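Written out below as structure tokens is the structure these notes cover.
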Amino acid sequence: MRNNFRVILAEKELTITDVSKATGVSRTTLNALFYKRAKGIQFQTLLVLCKFLKCEIGELFEIKKEAV
Numbered sequence: 009m010r011n012n013f014r015v016i017l018a019e020k021e022l023t024i025t026d027v028s029k030a031t032g033v034s035r036t037t038l039n040a041l042f043y044k045r046a047k048g049i050q051f052q053t054l055l056v057l058c059k060f061l062k063c064e065i066g067e068l069f070e071i072k073k074e075a076v
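Residue numbers (the working numbering): 9 to 76.
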């Protein structure tokens, strides 16, 4: 699974602090996503981030096709 959180923030010229202040999502959670250390994400957090970033879940996280 590919995490595009860092890419989306760069495209929108946003910082983790901007997102945290606007959404109420903790900096700890956002840092874990940004640095690709997150092991999971709550559905509510995912919904809040997608609404704020104006993106779909599939844009935030992509499932890589495995070579067969």
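C-beta: ideal position from N, C-alpha, C; glycine also.
In this text the structure is predicted, and so the values were computed from the model without any measurement.
Distance, Cα to Cα, F42 vs N11?
If you number the sequence shown from 1, residue 42 lands on position 34. If you number the sequence shown from 1, residue 11 lands on position 3. Taking the straight line joining both Cα atoms gives about 8 Å.
Whole angstroms is fine: what's the gap from E19's alpha carbon to R35's?
Taking the first residue of the sequence shown as 1, we reach residue 19 at position 11. Taking the first residue of the sequence shown as 1, we reach residue 35 at position 27. The alpha-carbon atoms of E19 and R35 are separated by roughly 19 Å.
Determine, using beta carbons only, whether T31 and V56 come nearer to each other than 8 Å.
The count along the sequence shown starts at 1 and reaches residue 31 at position 23. The count along the sequence shown starts at 1 and reaches residue 56 at position 48. Going by C-beta atoms, T31 is nearer than 8 Å to V56.
Out of curiosity, what's the CA-to-CA distance linking V27 and M9?
In the sequence shown, residue 27 corresponds to position 19, counting from 1. In the sequence shown, residue 9 corresponds to position 1, counting from 1. For V27 and M9, the distance between alpha carbons rounds to 22 Å.
Does DSSP classify R45 as helix, strand or coil?
Your numbering for residue 45 matches position 37 in the sequence shown. Of the three classes helix, strand and coil, the one that applies to R45 here is coil, per DSSP.
Alpha carbon to alpha carbon, how far is E74 from E21? Give it in angstroms, no decimals.
In the sequence shown, counting from the first residue as 1, residue 21 sits at position 13. In the sequence shown, counting from the first residue as 1, residue 74 sits at position 66. Between E21 and E74, the C-alpha separation is close to 31 Å.
Count the other CB atoms, across all protein chains shown, that sit within 10 Å of the CB of F51; report buried if there are 16 or more and exposed otherwise.
On the sequence shown, position 43 is the one that residue 51 refers to. So F51 ends up on the exposed side.
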